[in-house]
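A.B. asks:
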Amino acid sequence: MTLFKGAPAGRGPSVLAGRSARAWAGFAAAAVVLFALAPLALSDFRLGLLAKYLCTAMVAVGICLAWGRGGLLTLGQGVFFGLGGYAMAMHLKIADAGPGNLPDFMQLYGTATELPWWWRPFGNPLFALAATVLLPMAVAAVLGSFIFRRRVKGAYFAILSQALAAAFAIWLIGQQATTGGTNGLTDIQGFFGYDLDDPVNQRMVYFVIAAVLLLLIALVRQLIRSRYGELLVAVRDSEERVRFLGYDPANVKLVAYVVAAGTAGLAGALFVPAVGIISPAMIGIVPSIEFVIGAAVGGRASLAGAVLGAIGVAWAKTALSEEFPAAWTYFQGLLFIVALAFLPGGLVSLARIVRRRRASRTSGNAGGGDADGGSDTDSGTGTETDGGAGREKSSALPLGGAV
Numbered sequence: 009m010t011l012f013k014g015a016p017a018g019r020g021p022s023v024l025a026g027r028s029a030r031a032w033a034g035f036a037a038a039a040v041v042l043f044a045l046a047p048l049a050l051s052d053f054r055l056g057l058l059a060k061y062l063c064t065a066m067v068a069v070g071i072c073l074a075w076g077r078g079g080l081l082t083l084g085q086g087v088f089f090g091l092g093g094y095a096m097a098m099h100l101k102i103a104d105a106g107p108g109n110l111p112d113f114m115q116l117y118g119t120a121t122e123l124p125w126w127w128r129p130f131g132n133p134l135f136a137l138a139a140t141v142l143l144p145m146a147v148a149a150v151l152g153s154f155i156f157r158r159r160v161k162g163a164y165f166a167i168l169s170q171a172l173a174a175a176f177a178i179w180l181i182g183q184q185a186t187t188g189g190t191n192g193l194t195d196i197q198g199f200f201g202y203d204l205d206d207p208v209n210q211r212m213v214y215f216v217i218a219a220v221l222l223l224l225i226a227l228v229r230q231l232i233r234s235r236y237g238e239l240l241v242a243v244r245d246s247e248e249r250v251r252f253l254g255y256d257p258a259n260v261k262l263v264a265y266v267v268a269a270g271t272a273g274l275a276g277a278l279f280v281p282a283v284g285i286i287s288p289a290m291i292g293i294v295p296s297i298e299f300v301i302g303a304a305v306g307g308r309a310s311l312a313g314a315v316l317g318a319i320g321v322a323w324a325k326t327a328l329s330e331e332f333p334a335a336w337t338y339f340q341g342l343l344f345i346v347a348l349a350f351l352p353g354g355l356v357s358l359a360r361i362v363r364r365r366r367a368s369r370t371s372g373n374a375g376g377g378d379a380d381g382g383s384d385t386d387s388g389t390g391t392e393t394d395g396g397a398g399r400e401k402s403s404a405l406p407l408g409g410a411v
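Under the numbering used here, the first residue of the sequence shown carries the number 9, and numbering increases by one thereafter.
1. Ignore the nearest five residues each way along the sequence and tell me which others in V152's own chain have a CB closer than 6 Å to its CB.
2. Taking 7 Å as the limit between beta carbons, can you name the residues of its chain near P288, skipping five residues before and five after?
3. Quick one: what does DSSP say G381 is sitting in, helix, strand or coil?
4. Identify, in the order they occur along the chain, each residue of the same chain with its Cβ nearer than 6 Å to the Cβ of I102, setting aside the five sequence neighbours on each side.
5. When you compare only the Cα positions, how much space is there between L50 and I319?
6. Please classify L407: is it buried, with 16 or more other beta-carbons within 10 angstroms of its beta-carbon, or exposed?
7. Which value, in whole angstroms, describes the spacing of the CA atoms of G86 and F252?
8. So, is K13 buried or exposed, given that buried needs 16 or more other C-beta atoms within 10 angstroms?
9. Could you pull the start and end residues of the alpha helix (DSSP H) that I181 belongs to?
10. Is the CB-CB distance between A38 and L222 below 8 Å?
11. To the nearest angstrom, report how far apart S310 and A219 are at their CA atoms.
12. What residues are listed by DSSP as bridge partners for Y255?
13. What distance in whole Å lies between the Cβ atoms of P144 and A272, which are believed to be in contact at a cut-off of 8 Å?
14. Around the C-beta of Y333, are 16 or more other C-beta atoms found within 10 angstroms, so that it is buried, or is it exposed?
15. Compute the beta-carbon to beta-carbon distance between F299 and G93, rounded to the nearest angstrom, for a pair I have assumed lies under 8 Å.
16. Determine which residues share a DSSP beta bridge with D205 and list them.
17. Who are the near neighbours of A414 in its chain, counting only those whose CB is closer than 6 Å to its CB and skipping five residues on each side?
18. Can you pull the DSSP bridge partners for A198?
19. Within the 8 Å Cβ cut-off, does G92 reach chain D?
20. Let's see if you can read the secondary structure: which residues bound the alpha helix (DSSP H) around M290?
21. Apply the 10 Å Cβ neighbour rule to I71 and answer buried if 16 or more other Cβ atoms are within range, or exposed otherwise.
22. Leaving out the 5 sequence neighbours to the left and right, which residues in its chain are closer than 7 Å to F339 when beta-carbon positions are compared?
23. Checking 8 Å against the spacing of the C-beta atoms, do F113 and G188 come in under that value?
24. Work out the CA separation of W336 and G284 for me, nearest whole Å.
25. Taking buried to mean at least 16 other C-beta atoms within 10 Å of its own C-beta, is W75 buried or exposed?
What follows is the structure, encoded as structure tokens:
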């Protein structure tokens with residue numbers, strides 16, 4: 009039994025082939041920029057900043073899936089970013105200390121003579137690498153199961169996820185002897201045997217981050233274009249109807265939430281060698297909102313828009329906060345309000361809006377001023393858009409079957 013009764017109208021082979029060609033061209037252009045132009049044009053310092061921005065873009069990839077396609081406003085991605093970051097930092101601090109030695113901050117703040125029991129598994133590099141992704145996903149699976157099965161959604165879900173980020177940051181601050189407290193885990197010097205003070209190794213870290221970002225975009229894009237991606241959009245647009253057809257919307261949303269947590273955890277893990285520090289200030293409420301702002305400004309329903317928006321907002325934060333440190337936070341909040349209120353589809357939707365208006369004018373001229381010529385309904389595609397968000401609504405809901 010197929011998941012859908014026929015393909016959505018307006019997605020014939022020629023349309024899909026054109027989209028695929030544009031996607032491959034976009035990947036090629038991004039690869040050229042990230043692997044050739046950026047290393048040649050930027051200094052080591054600026055390239056390090058770009059590596060940091062690319063980590064925020066990884067978080068935006070998950071937000072695009074969960075919020076842009078699934079309607080889940082995840083204001084607590086800092087939790088999963090922090091879990092991945094601390095998992096990586098714990099291993100690197102153990103490696104920097106050497107066999108039998110405690111990390112430097114434990115010698116300064118703590119009274120223990122040996123590693124805490126929950127630190128010891130992170131001495132294994134394979135365990136630490138797996139934990140950077142699997143630990144955030146496991147936490148998201150547990151939390152999501154409770155949240156979605158109780159049908160918590162909308163503003164309540166957003167507030168709850170934000171509260172989790174605040175609670176996690178507060179807990180880290182209170183564990184100074186084992187997590188570094190407010191300072192976090194700092195002065196990370198090595199990355200699996202490579203000295204991070206060496207500019208060559210810093211460039212290697214940048215290339216790893218760029219490659220992982222492109223891989224994540226490809227994987228999430230495939231997920232969005234799959235049958236699950238169509239089902240996720242259907243749940244977002246008409247959850248009760250999907251439930252009536254035999255699917256469990258809680259499971260559908262849980263998958264998106266868990267995948268977004270995994271991308272955030274991986275981003276946090278790679279952020280640590282790129283910056284050399286992880287602290288509660290980087291994973292609390294404010295950073296969690298900043299992740300969402302980047303995706304909203306660029307276009308939360310578009311992978312390219314979310315990624316470029318995250319990079320652009322992160323760059324603006326660095327550039328403008330240097331000049332206007334007191335006003336940047338207000339400007340950032342204004343960006344979020346303007347994006348949601350006046351441009352729900354983000355900057356990437358501007359081109360779509362322009363094309364739609366041009367098509368409307370052309371249709372109106374061809375129809376000789378008929379009322380049908382200026383209609384906002386695109387009868388050729390069989391789809392409609394949700395306001396200005398540019399979010400495509402499914403034209404065919406799935407048939408029965410449990411997910």
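Glycine is no exception: its CB is placed at the ideal position from the N, C-alpha and C atoms.
C.D. replies: The structure says:
1. For this step, residue 152 is matched to residue 144 along the sequence shown. The sequence shown places Gly at residue 152, not Val. If we look at G152 and ignore the five residues flanking it on each side, its Cβ neighbours are L262, Y265.
2. Position 280 of the sequence shown, counted from the first residue, corresponds to residue 288. So the list reads A177, L180, I181, T190, G192, once near-sequence residues are dropped.
3. By one-based count along the sequence shown, residue 381 stands at place 373. Its pLDDT being 42, under 50, G381 is placed unreliably in this model, and the value from its coordinates should be taken loosely. Helix at G381.
4. Mapped onto the sequence shown, residue 102 falls at position 94. Result list for I102: G131, in chain order.
5. In the sequence shown, the residue the question calls residue 50 occupies position 42. In the sequence shown, the residue the question calls residue 319 occupies position 311. About 15 Å.
6. Your numbering for residue 407 matches position 399 in the sequence shown. Because the pLDDT of L407 is 38, which lies under 50, any placement of that residue in the model is unreliable, and the number read from its coordinates should be weighed accordingly. The residue in question, L407, is exposed, as its Cβ has fewer than 16 Cβ neighbours within 10 Å.
7. Residue 86 sits at position 78 when you count from the first residue of the sequence shown. Residue 252 sits at position 244 when you count from the first residue of the sequence shown. Between G86 and F252, the C-alpha separation is close to 35 Å.
8. On the sequence shown, residue 13 is found 5 positions in, with the first residue counted as 1. With a pLDDT of only 41 at K13, under 50, the local geometry of the prediction cannot be trusted, and the value read off the model is given with reservation. Exposed.
9. On the sequence shown, position 173 is the one that residue 181 refers to. In the DSSP assignment, I181 falls within the unbroken alpha helix (DSSP H) covering 163 to 182.
10. Taking the sequence shown and counting its residues from 1, one reaches residue 38 at position 30. Taking the sequence shown and counting its residues from 1, one reaches residue 222 at position 214. Taking 8 Å as the Cβ cut-off, A38 and L222 qualify as a contacting pair.
11. In the sequence shown, counting from the first residue as 1, residue 310 sits at position 302. In the sequence shown, counting from the first residue as 1, residue 219 sits at position 211. Taking the straight line from one Cα to the other gives about 20 Å.
12. Taking the first residue of the sequence shown as 1, we reach residue 255 at position 247. For Y255, which the question treats as bridged, DSSP gives no partner whatsoever.
13. Residue 272 sits at position 264 when you count from the first residue of the sequence shown. Residue 144 sits at position 136 when you count from the first residue of the sequence shown. About 6 Å separates the two Cβ atoms, so the contact holds.
14. Translated into the one-based positions of the sequence shown, residue 333 becomes position 325. Per the sequence shown, the amino acid found at residue 333 is Pro instead of Tyr. Classification of P333: exposed, given that the 10 Å Cβ count is below 16.
15. On the sequence shown, position 291 is the one that residue 299 refers to. On the sequence shown, position 85 is the one that residue 93 refers to. The Cβ separation is near 13 Å, so there is no contact.
16. As a first step, residue 205 must be located in the sequence shown, where it is residue number 197. D205 is not bridged to any residue.
17. Residue 414 lies beyond the residue range present for the chain, which begins at 9 and ends at 411; the question has no answer from this structure.
18. As a working note, residue 198 is residue 190 in the sequence shown. The sequence shown places Gly at residue 198, rather than the Ala named in the question. G198 is bridged to D203.
19. No chain D is part of this structure, which consists of one protein chain only.
20. As a first step, residue 290 must be located in the sequence shown, where it is residue number 282. Neither: M290 is in no alpha helix (DSSP H) and is coded neither H nor E.
21. Start at 1 with the first residue of the sequence shown, and residue 71 comes out as number 63. It counts as buried.
22. Within the sequence shown, the letter at position 331 stands for residue 339. Here the set comprises L328.
23. As a first step, residue 113 is located in the sequence shown; it is residue number 105 there, counting from the start. As a first step, residue 188 is located in the sequence shown; it is residue number 180 there, counting from the start. Yes, they are a contact pair.
24. Counted from its first residue, the sequence shown places residue 284 at position 276. Counted from its first residue, the sequence shown places residue 336 at position 328. When rounded, the distance between both Cα atoms is 24 Å.
25. The residue you call residue 75 lines up with position 67 of the sequence shown. Burial call: buried.
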